[in-house]
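Below is one structure, written out as C-alpha cells; comments come after it.
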Amino acid sequence: MAIGHSPLESICQVEHVRDNSKAFFLQPHEMKLPFSRGNFAGNPNHGWVSSETERLNPRRPGDLKEAYNTSSLRSDIKWPTVEFRDIQAAFFQRCKELSLRVLKVMAHSLGLEPQIFLHAHRNIGSDDNATTLRSLYYPPVNSELMKEGQLRCGEHSDYGSITLVFQGPEGGLQVLSRSDDFISAPSIPGTVLVNIGDLMQRWTSDLLISSVHRVLLPPAGDSRSRQSLVFFVHPDDEALITCCDGSNKYPAVTGGAYLQERFNDSYGRK
Ligand SMILES: O=C(O)CCC(=O)C(=O)O
Ligand SMILES: [Fe+2]
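The numbering of the sequence shown is full-length UniProt numbering, which starts it at 1 and goes up by one.
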C-alpha cells in the first residue's frame, strides 16, 4: 500500500461524489431496485448492490455495506439522475488518469518497459474492461440484527491490478501487516491510498504483494454510517497476463477470465 496526496480541488470533488452518492443510498429500497447490478445488458457489474449481497471473505456472512458500481459509461445506461451520472463519470475519468500515471511509474520503478502495464489497460471506461468506481455506503449498524462473524467488509485482497481508495473521515480500514497483525490505515484528508491487487502480484511474480484488508464493525454504541470511494483498476478483458520476469510462476490468464473466477467466490458460484 502507498499513499499519495491530491490538491484541494480534488478533495472537494471527492466530498462532492460522496455527498451525492449518500443521497442515493438514503432512499427507500424500492427506489434503488431499478438500478440493481445485473439489470444492465452488456455490463453485468454495473449498478447498485444491496447490503449483505456480497461477501468479500466467503467464510463470513454477507458484508454490511451497499455499493454503487460505475462500470459502464455507455450512453444507453439508465442512471438515478443526470447529476448522479455526471458526477460519477467525471470522477471515474479523474481516477482513470491517476491510475494510468501510477501504473506507468510502477513499471518504471520495477525497471520494466514503461508501457508494459499501460498496454493492458487501453480500454478502461468501455465494456471491454472491468475497471469500476464503487461508491460504498456502510449503514449504521444495529447490533441486534447482526449475524455471528459479520463485518462491514470481510478480509480480502483486491482482485485487479491496482485500487485507489478514498476513505471518508471516519477511517475504519485495517490492513494485515507482514507480521500478521491488522493495523489501522488512518484517513488522512487529501490522500489517496493505492492497493496492489492479486493480478498485479501474479503479473510481477510476487515482487509486489497484494495486501489483505478489512473494515470491522463500529464499536458498540457508535451509530455512525461510513463511506468510501474505491476505484478498482482491471486489465482489459482480452489482455493476456503473463509473469513479467518470464518465469511462468503463474499460468497466463486473461484479465476477464481471472475476474470472473474471483466474482464467483464473492457472489456465490452459479
Ligand atoms: O471501504 C473501504 O475503505 C475499503 C473497501 C474495500 O476494501 C473493498 O471494497 O475492496
Ligand atoms: Fe478491498
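Here a beta-carbon is modelled for each residue, glycine too, at the ideal position from N, C-alpha and C. All of these numbers come straight from a predicted model, not from anything done at the bench.
Cβ-heavy atom distance, HIS234 to ligand 1, below 7 angstroms: For HIS234, the distance from the CB to the nearest heavy atom of ligand 1 is not below 7 angstroms.
Reference GLU30; option with closest CA among TRP48, LEU112 and CYS95: The shortest Cα separation from GLU30 among TRP48, LEU112 and CYS95 belongs to TRP48.
Exposure of LEU207, with buried meaning 16 or more beta-carbon neighbours within 10 Å: Under this definition LEU207 is an exposed residue.
Given 8 angstroms, three or more beta-carbon pairs between the region 153-167 and the region 217-233: Output reads yes: the region 217-233 touches the region 153-167.
Contacts around PRO218, its chain only, beta-carbon distance under 7 angstroms, and the 5 residues preceding and following it disregarded: Hits under 7 angstroms: VAL141 and ARG224.
Local conformation of SER187 per DSSP, three classes: Look at SER187 here: in three-state DSSP terms it is coil, with no helix or strand label.
Selection from ILE209, TYR68 and TYR159 that minimises the alpha carbon distance to GLN260: Ranked by Cα distance from GLN260, the options ILE209, TYR68 and TYR159 are led by TYR159.
Residue from ASN129, LYS65, LEU173 and ARG101 whose Cα sits closest to the Cα of ASN43: Cα-wise, what sits closest to ASN43 is ASN129.
Contacts around TYR250, its chain only, beta-carbon distance under 7 angstroms, and the 5 residues preceding and following it disregarded: Correct list, in chain order: ARG202 and CYS243.
Other residues of its chain near ALA89: CB distance less than 8 angstroms, five sequence neighbours each side excluded: Apart from sequence neighbours up to five positions away, the residues of its chain that approach ALA89 with a beta-carbon distance below 8 angstroms are THR70 and LEU73, ordered along the chain.
Every unbroken alpha helix (DSSP H) inside the UniProt domain "Fe2OG dioxygenase" (129-235) [4 residues or more]: Correct list: 198-203.
Complete runs of the alpha helix (DSSP H) confined to the region 9-75 [at least 4 residues]: DSSP runs (the alpha helix (DSSP H)) wholly in the region 9-75: 29-32.
Supposed contact pair ARG226 and GLY168 - C-beta distance, whole angstroms, cut 8 angstroms: The pair is a contact, with the Cβ atoms about 6 angstroms apart (cut-off 8 angstroms).
CA nearest to the CA of HIS156, picked from PHE182, LYS32 and ASN39: HIS156 has its Cα closest to that of PHE182, out of PHE182, LYS32 and ASN39.
THR163: CB within 7 angstroms of a non-hydrogen atom of ligand 2: Correct: THR163 has its Cβ closer than 7 angstroms to ligand 2.
Rounded C-alpha distance that separates VAL175 from ARG214: Approximately 7 angstroms, taken between the alpha carbons.
ASP158 beta carbon near ligand 1 (any heavy atom closer than 7 angstroms): Distances taken from the Cβ of ASP158 to the heavy atoms of ligand 1 include one shorter than 7 angstroms.
Contacts around ASP245, its chain only, beta-carbon distance under 7 angstroms, and the 5 residues preceding and following it disregarded: Taken in chain order, the residues that qualify are SER205.
Opposing strand residues paired with LEU240 [DSSP bridges]: In the DSSP output, where bridge partners are listed per residue, LEU240 has THR254.
Continuous alpha helix (DSSP H) stretch holding SER99: start and end: 82-109 is the span of the alpha helix (DSSP H), which, as asked, contains SER99.
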